[in-house]
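Novice: Quick one: structure below, then a few questions.
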Amino acid sequence: MQELHDAPLAPLTTFRLGGPTDRLITATTDAEVIAAVREADDSGTPLLLIGGGSNLVIGDKGFAGTALVIATKGVTLDGTRLELSAGEVWTDAVARTVEAGLAGIECLAGIPGSAGATPIQNVGAYGQEVASTITEVVAYDRVTHETVTLPNADCGFSYRHSRFKANPERYVVLRVRFELEDADGLSAPIKYAEAARVLGVGPGDRVPLAAAREAVLKLRSGKGMVLDPEDHDTWSAGSFFTNPILTEENFAAFHARVRERLGDGVVPPAYPVGDGHTKTSAAWLIDKAGFTKGYGTGPARISTKHTLALTNRGSATTEDLLALAREVVTGVRDAFGITLVNEPVTVGVSL
82 MQELHDAPLA
92 PLTTFRLGGP
102 TDRLITATTD
112 AEVIAAVREA
122 DDSGTPLLLI
132 GGGSNLVIGD
142 KGFAGTALVI
152 ATKGVTLDGT
162 RLELSAGEVW
172 TDAVARTVEA
182 GLAGIECLAG
192 IPGSAGATPI
202 QNVGAYGQEV
212 ASTITEVVAY
222 DRVTHETVTL
232 PNADCGFSYR
242 HSRFKANPER
252 YVVLRVRFEL
262 EDADGLSAPI
272 KYAEAARVLG
282 VGPGDRVPLA
292 AAREAVLKLR
302 SGKGMVLDPE
312 DHDTWSAGSF
322 FTNPILTEEN
332 FAAFHARVRE
342 RLGDGVVPPA
352 YPVGDGHTKT
362 SAAWLIDKAG
372 FTKGYGTGPA
382 RISTKHTLAL
392 TNRGSATTED
402 LLALAREVVT
412 GVRDAFGITL
422 VNEPVTVGVS
432 L
């Protein structure tokens, strides 16, 4: 277990932002993770968990406490069952399942971060989300001081949310278990219209696994959503805001604001999600509120490839980023009456 003091945190995040931490520990086994967590909890030391750093916005003052990098490794494939240690690189794990001919997470290719973070956010993209394939999450319970196994039904999965995100101080994810599908080398049914168009198929069709993965990587790359150290559009956390989910009443009010601002012929994106709720597009809202690709003149700007990504152009501070985020939130709220919610976890700062 490696330990450093007054260590920079910015290099551990995809934003490359944030000040130092008092103490930085890198754990490579479950036992080391648990020992570090117990030590911090027993001493009352604030604890920050870091995986791939792709969903973190850390304040310029850094973190006063212990930052724990979970760097555990381990991949087990048994038939259609997959188990990943929390520190495994997610993109590598997806590639391995495609090579093994197993379907279920191929459209989640290119998403930066670690496997242990996927159940926390209920990571999803291009018609798939991990909640549909996760069977169990093995975690350390900081309340009972035990290692527990939570079945899917107990994980509280919903859109970009879970039991782990709702109670971040309780569980430390150690391992994630999935049940995938052997479809004779074919993908799961393609659900996302944009992916189907690129693949030249209809929604619900299956394609070779490798083709599905490559199509998603192509789409993500075109939006600056695949990490590239030479491309500042990828110095981001991917989608900075979640897509708003509105009640029937709120959607009607939103639609009225759209007609008032943009004209009767403009219809906003609408995706029914059940229980009388409708999801709309945060990217559409941002763009129509006047924040187009590349917006900004400072060191933090909207991506030149995708309006949903806020980026560090190389010399930004966290405050620069937050100022831009607040400007976008205010602009969208003033234009459409919807308050956007940030997807990345903020540490020592808030919008």
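Numbered according to the working numbering, the sequence shown spans residues 82 to 432. Yeah, the Cβ is synthetic: ideal placement off N, Cα and C, and Gly gets one too. These numbers were taken from a predicted model, which means no experiment stands behind them.
Report yes if the C-beta distance between alanine 117 and leucine 105 is below 8 Å; otherwise report no.
Specialist: By 1-based counting over the sequence shown, the position of residue 117 is 36. By 1-based counting over the sequence shown, the position of residue 105 is 24. In this structure, leucine 105 does not lie closer than 8 Å to alanine 117 by Cβ.
Novice: On a Cα-Cα basis, can you pick out the residue from Arg244, Val422, Ser362, Val253 that is closest to phenylalanine 321?
Specialist: Walking along the sequence shown from the start, residue 321 turns up at place 240. Selected option, being the one with the closest Cα: Val422.
Novice: Tell me the rounded alpha-carbon separation between leucine 130 and threonine 172.
Specialist: Indexing the sequence shown from 1 puts residue 130 at position 49. Indexing the sequence shown from 1 puts residue 172 at position 91. In a straight line, the C-alpha of leucine 130 is about 20 Å away from that of threonine 172.
Novice: Go through its chain and collect everything with a Cβ distance to arginine 342's Cβ below 8 Å, but skip five positions before and after it.
Specialist: In the sequence shown, residue 342 corresponds to position 261, counting from 1. Here the set comprises Lys369, Ala416, Phe417.
Novice: Between alanine 91 and the rest of its own chain, which residues show a CB-CB distance below 6 Å, the 5 nearest in sequence each way excluded?
Specialist: Indexing the sequence shown from 1 puts residue 91 at position 10. Beyond the five residues adjoining it in sequence on each side, alanine 91 comes within less than 6 Å, by CB distance, of Arg97, Leu98, Gly99 in the same chain, given in chain order.
Novice: For leucine 298, tell me which candidate among Ser124, Pro193, Ala404 has the shortest Cα-Cα distance.
Specialist: By 1-based counting over the sequence shown, the position of residue 298 is 217. If we check each option's Cα against that of leucine 298, Pro193 comes out closest.
Novice: When the Cα atoms are used, what is the spatial distance from threonine 359 to arginine 177?
Specialist: Taking the sequence shown and counting its residues from 1, one reaches residue 359 at position 278. Taking the sequence shown and counting its residues from 1, one reaches residue 177 at position 96. C-alpha of threonine 359 to C-alpha of arginine 177: approximately 35 Å in a straight line.
Novice: Considering only DSSP beta bridges, list what proline 289 is partnered with.
Specialist: Locating residue 289 in the sequence shown gives position 208, where the first residue counts as 1. In DSSP, proline 289 forms a bridge with Leu267.
Novice: Going by the CB atoms, is the gap between lysine 246 and glutamine 202 shorter than 8 Å?
Specialist: As a working note, residue 202 is residue 121 in the sequence shown. As a working note, residue 246 is residue 165 in the sequence shown. Against a cut-off of 8 Å, the Cβ pair of lysine 246 and glutamine 202 comes out as a contact.
Novice: Note down the Cα distance separating valine 219 from glutamate 408, rounded to an integer number of angstroms.
Specialist: Position 138 of the sequence shown holds residue 219. Position 327 of the sequence shown holds residue 408. Going by the C-alpha atoms only, they are around 39 Å apart.
Novice: By the DSSP assignment, the alpha helix (DSSP H) with histidine 336 in it spans what residues?
Specialist: Position 255 of the sequence shown, counting from 1, holds the residue named residue 336. Note, histidine 336: alpha helix (DSSP H), 329-343.
Novice: When the Cα atoms are used, what is the spatial distance from serine 166 to arginine 241?
Specialist: As a position in the sequence shown, residue 166 is number 85, starting the count at 1. As a position in the sequence shown, residue 241 is number 160, starting the count at 1. In a straight line, the C-alpha of serine 166 is about 21 Å away from that of arginine 241.
Novice: Per DSSP, tyrosine 26 forms a beta bridge with which residues?
Specialist: Any property of residue 26 remains undetermined from this structure, which presents the chain solely from 82 to 432.
Novice: Sort Val114, Pro232, Trp316 by Cα distance to serine 384 and report the nearest one.
Specialist: Translated into positions along the sequence shown, residue 384 becomes position 303. Residue Trp316 is the option with its Cα nearest to serine 384.
Novice: For isoleucine 367, which three-state DSSP category applies?
Specialist: For this step, residue 367 is matched to residue 286 along the sequence shown. Of the three classes helix, strand and coil, the one that applies to isoleucine 367 here is helix, per DSSP.
Novice: Going by Cα to Cα distance, which pick from Thr199, Asp222, Arg223 is closest to alanine 212?
Specialist: Against the sequence shown, residue 212 aligns to sequence position 131. Cα-wise, what sits closest to alanine 212 is Thr199.
Novice: Is the region 227-236 touching the region 150-160, taking contact as three or more C-beta pairs under 8 Å?
Specialist: Counting C-beta pairs closer than 8 Å gives fewer than three between the region 227-236 and the region 150-160, which falls short of the contact rule.
Novice: Quick test of the definition: if touching needs 3 or more C-beta pairs under 8 Å, does the region 278-295 touch the region 344-356?
Specialist: Between the region 278-295 and the region 344-356, the count of C-beta pairs closer than 8 Å stays below three; the two stretches do not touch.
Novice: Could you tell me the boundaries of the beta strand (DSSP E) in which proline 200 lies?
Specialist: The residue given as residue 200 occupies position 119 in the sequence shown. It is not in any beta strand (DSSP E) - proline 200 instead sits in the alpha helix (DSSP H) that spans 199-202.
Novice: If arginine 223 sits next to glutamate 250, beta carbons under 8 Å apart, how far is it from one beta carbon to the other, in whole angstroms?
Specialist: As a first step, residue 223 must be located in the sequence shown, where it is residue number 142. As a first step, residue 250 must be located in the sequence shown, where it is residue number 169. Their Cβ separation, rounded to whole angstroms, is 7 Å, which keeps arginine 223 and glutamate 250 in contact under 8 Å.
Novice: Ends of the beta strand (DSSP E) at glycine 146?
Specialist: Working through the sequence shown from its first residue, we reach residue 146 at position 65. Taken as a continuous stretch (DSSP letters only), the beta strand (DSSP E) holding glycine 146 covers 144-151.
Novice: For the region 385-395 against the region 295-314, do three or more pairs of beta-carbon atoms, one drawn from each stretch, fall closer than 8 Å, so that the two count as touching?
Specialist: yes
Novice: Would you kindly report the start and end of the unbroken beta strand (DSSP E) that includes threonine 440?
Specialist: Missing from the structure shown is residue 440; the chain here goes from 82 to 432 and no further.
Novice: Where does asparagine 233 fall in DSSP's three states?
Specialist: In the sequence shown, the residue the question calls residue 233 occupies position 152. If DSSP states are grouped into helix, strand and coil, asparagine 233 belongs with the helices.
Novice: Could you tell me whether the Cβ atoms of alanine 196 and valine 257 are closer together than 8 Å?
Specialist: Counting from one through the sequence shown, the residue named residue 196 turns up at place 115. Counting from one through the sequence shown, the residue named residue 257 turns up at place 176. Contact flag set, yes.
Novice: So that I know if they touch, is there some Cβ in chain B lying closer than 8 Å to that of threonine 153?
Specialist: Among the chains in the structure shown there is no chain B, since it carries only a single protein chain.
Novice: Return helix, strand or coil for glutamate 169, following the three-state DSSP convention.
Specialist: Taking the sequence shown and counting its residues from 1, one reaches residue 169 at position 88. Looking at glutamate 169 - three-state DSSP - the assignment turns out to be coil, as it is neither helix nor strand.
Novice: What three-state label does DSSP hand threonine 388 in the structure shown?
Specialist: The residue you call residue 388 lines up with position 307 of the sequence shown. It is coil, neither helix nor strand.
Novice: Give the DSSP-derived three-state secondary structure of histidine 226 in the structure shown.
Specialist: By 1-based counting over the sequence shown, the position of residue 226 is 145. DSSP places histidine 226 in coil when its eight states are reduced to three.
Novice: Using the Cβ count rule (16 or more neighbours within 10 Å means buried), how would you classify glutamate 187?
Specialist: The count along the sequence shown starts at 1 and reaches residue 187 at position 106. Flag for glutamate 187 reads buried.
Novice: If you reduce the DSSP assignment to three classes, tell me which class arginine 407 lands in.
Specialist: Locating residue 407 in the sequence shown gives position 326, counting from the first residue. Residue state, collapsed to three classes: helix.
Novice: In terms of DSSP beta bridges, what is asparagine 423 paired with?
Specialist: Taking the sequence shown and counting its residues from 1, one reaches residue 423 at position 342. In DSSP, asparagine 423 forms a bridge with Phe322.
Novice: Beta carbon of alanine 181, beta carbon of valine 156: below 8 Å?
Specialist: Indexing the sequence shown from 1 puts residue 181 at position 100. Indexing the sequence shown from 1 puts residue 156 at position 75. Their beta carbons are not under 8 Å apart, which means alanine 181 does not touch valine 156 by this criterion.
Novice: According to DSSP, is proline 89 part of a helix, a strand, or is it coil?
Specialist: For the purposes of this step, residue 89 is identified with residue 8 of the sequence shown, where counting begins at 1. Reduced to three states, the DSSP call for proline 89 is strand.
Novice: Excluding the five sequence neighbours on either side, which residues of its own chain have a C-beta within less than 6 Å of the C-beta of proline 325, listed in chain order?
Specialist: Reading the sequence shown from its first residue, position 244 is the one you call residue 325. Correct list, in chain order: Thr361, Ile419.
Novice: Alpha carbon to alpha carbon, how far is threonine 323 from glutamate 330?
Specialist: Here residue 323 refers to the residue found at position 242 of the sequence shown. Here residue 330 refers to the residue found at position 249 of the sequence shown. Straight-line Cα distance between these residues: approximately 20 Å.
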